[in-house]
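Reading the sequence shown from the start, the letters are residues -25 to -1, 1 to 428 in mature numbering (1 follows the signal peptide of the UniProt record, and there is no 0).
No residue lacks a Cβ here, since even glycine has one placed at the ideal position from N, Cα and C.
Since we're looking at a predicted model, the values are computed, not measured.
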Amino acid sequence: MNNRFARALTAGVLAGGLLIGVAQAQELQPIDRIAAVVDEDVILKTELDRAVANILGQYAGRSEQLPPRDVLERQVLERLILLKLQVAQAQGTGVRVTDQEIEQAIAGIAQSNRISVDQLRQQLARDGSSFADFRNSIRDELLVQRLRQRFAQTRVSVSEAEIDAALAAQANTGTQYHLAHILISLPEGATAEQIATAQKKVDGVKTLIDKGEMDFNAAAVRYSDSPNALEGGDLGWRSVDEIPAAFAELMKSMKAGDVTQPLRGPSGFQLLKLVEVRDASKAGPQMVTQYHARHILVRVSDKITEAQAKAKAETLRARIAGGAKFEDVVKESSEDLGTQAKGGDLGWFTRDEFGPEFGGAVGALADNEISQPVHTSAGYHIVQRLGTRESDMADQSKRAQVQETIGRRKLEEEWNRFLREKRSEAYVDFRVGKGSESNQPGTETTLPTAKGG
């Protein structure tokens, strides 16, 4: 049994004994309720309340765009359920995140907000949040990120032929579309009655939008079953090759602000809005700085601790400073087998191609200067910058962008299918809200109606 679940049950048993013995003697502390049971884990009511409070904070001054409190809670609870399932999948398949990686992520968040970690801790305390809870949430996000990366590596591939075909299709147009959508989902093997109910609901939503009684973003927040509902259904910018062919044809005949008629897809009924259109083909040269460097790598492993790896890297750095040839030290000691035979040469690369820590270190060096040990997720590096140059990356960037967009589209389709499967297979027992006995995703069942219609 999950430890948190066990602790919650134990708390309930102990509280029962206290109520019998000392109910008249002292006031008891309130016991945290269980909002939902997810397989062998639980979501506590305090977790749900914190997540809902975060959404309310994001919509401060725009609360009218949010659905009723009970519907919002169920939407947020569904997100937490999916998060629990993904974290469990990650842990069950050997995905791990170290304490140091969590600390680095927290430091990055603090730095992006231009505050120290101590100030971040104080800010959380002022907001009534626990730093331990915040740290756990960062760990979960990193686990899910790693799971998604592993998923992409094992299930998604983009061939050179696919890239060539997409580039050929884009030769005469660089049009990109900013899209948003509303999804009224249907379960696998939906019955005729379920299909009819979903059809009636999506028609009602479209009527509200057409009559101007609710804008698209607010309707998405209130009615959409998509994971991005609380972001107004925003899908971001998509090129033609990122949009299903049937939708792409529709886009050509639409103008900014138009909303499609209900469309039936594999996940249910959708309304698609064209927010903006732009021509990406008019972009000029993409000049970027490239670096030429070589390195020596000392890995951290089960046999070599962080401290030992750092100490070894410092020793290698001292040898080079004492007159040893860089390439000789590479051949004797570097653990990057891919570059060892080349004297550690990494060739030409852009600043963050090997990660921000490595790129920052290289960028701070002068040509031919050798760094102190640089820590990355791979281990500790001794880096020598050999040169810099300015390059037009337009063609390479376009090819890389096409590869990324095709891969992202494939990943999105596979990942969403994977999440639907995990959700449908999971045991979920709702303990709060309407229909708390149900094991089905909680969506608003009330059909939207237009005023006077």
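Under 8 Å: do the segment 390 to 404 and the segment 54 to 67 share three or more Cβ pairs, one atom per stretch? Contact holds: three or more Cβ-Cβ distances are below 8 Å.
Relative to the alpha-carbon of Asp254, which residue among Phe106, Tyr402, Ser214, Lys287 has its alpha-carbon at the smallest distance? Among Phe106, Tyr402, Ser214, Lys287, the Cα nearest to that of Asp254 is on Ser214.
What do you reckon, are the CB atoms on Leu118 and Val72 nearer than 8 Å? Cβ atoms of Leu118 and Val72: closer than 8 Å.
If Gln359 and Phe301 are in contact, beta carbons under 8 Å, what's the gap, nearest whole angstrom? About 6 Å separates the Cβ atoms of Gln359 and Phe301, confirming a contact at the 8 Å cut-off.
Give me the residue from Leu238, Glu310, Pro237 with the minimum Cα distance to His356. Considering only alpha carbons, the answer is Glu310.
Could you name the residues that DSSP lists as bridge partners for Ser366? Val263.
Residue ranges of each alpha helix (DSSP H) run of no fewer than 4 residues wholly in the segment 255 to 333, ordered along the chain? Listed in chain order, they are 281 to 296, 301 to 308, 312 to 315.
Length at least 3, wholly inside the segment 66 to 119: the beta strand (DSSP E) runs in chain order: If we require 3 residues or more, the segment 66 to 119 turns out to have no beta strand (DSSP E) run fully inside it.
Please report how far the alpha carbon of His156 lies from the alpha carbon of Ala375, in whole angstroms. Between His156 and Ala375, the C-alpha separation is close to 27 Å.
Check Gly408 in the structure and name its three-state DSSP category. Reduced to three states, the DSSP call for Gly408 is coil.
Can you give the beta carbon distance from Ser91 to Leu158, rounded, assuming they're within the 8 Å contact cut? Incorrect: roughly 41 Å between the Cβ atoms, too far for contact.
Evaluate the contact criterion for the segment 343 to 350 versus the segment 280 to 293: three or more CB pairs, one atom per stretch, below 8 Å. Between the segment 343 to 350 and the segment 280 to 293, the count of Cβ pairs shorter than 8 Å is three or higher; the stretches touch.
Cβ-based neighbour list, Arg294, same chain, cut-off 8 Å, excluding 5 preceding and 5 following: Hits under 8 Å: Val304.
Residue(s) in a DSSP beta bridge with Val349: DSSP, once it has assigned bridges, lists His356 as partnering Val349.
Would you report the Cα separation of Val337 and Arg114, rounded to the nearest angstrom? Computed Cα separation, rounded: 29 Å.
If contact is defined by three or more beta carbon pairs under 8 Å, each pair taking one atom from either stretch, is the segment 320 to 339 in contact with the segment 259 to 273? Below 8 Å, enough C-beta pairs join the segment 259 to 273 and the segment 320 to 339 to call them touching: three or more.
Can you grab the Cα-Cα spacing for the pair Lys248 / Arg123, in whole Å? The straight-line gap from Cα to Cα measures roughly 27 Å.
DSSP-derived helix/strand/coil call for Asp16: DSSP places Asp16 in strand when its eight states are reduced to three.
How about Val62 and Arg125: are their beta carbons less than 8 Å apart? Between Val62 and Arg125, the C-beta spacing is not below 8 Å.
What are the start and end residues of the beta strand (DSSP E) that includes Ala155? Where Ala155 is concerned, the enclosing beta strand (DSSP E) stretches over 150 to 160.
Please confirm whether Val252 and Thr150 have their CB atoms less than 8 Å apart. Between Val252 and Thr150, the CB-CB gap stays under 8 Å.
Here's a check: name, in chain order, each residue in its chain whose Cβ is nearer than 7 Å to the Cβ of Thr264, leaving out the five neighbours to either side. So the qualifying residues of the chain are Arg326, Thr363, Glu365.
Alpha carbon to alpha carbon, how far is Thr235 from Pro162? Rounded to the nearest whole angstrom, the CA to CA distance from Thr235 to Pro162 is 23 Å.
Compare the Cα-Cα distances from Gln50 to each of Asp233, Gly103, Ala204, Gly83 and report the closest residue. Comparing Cα positions, the closest option is Ala204.
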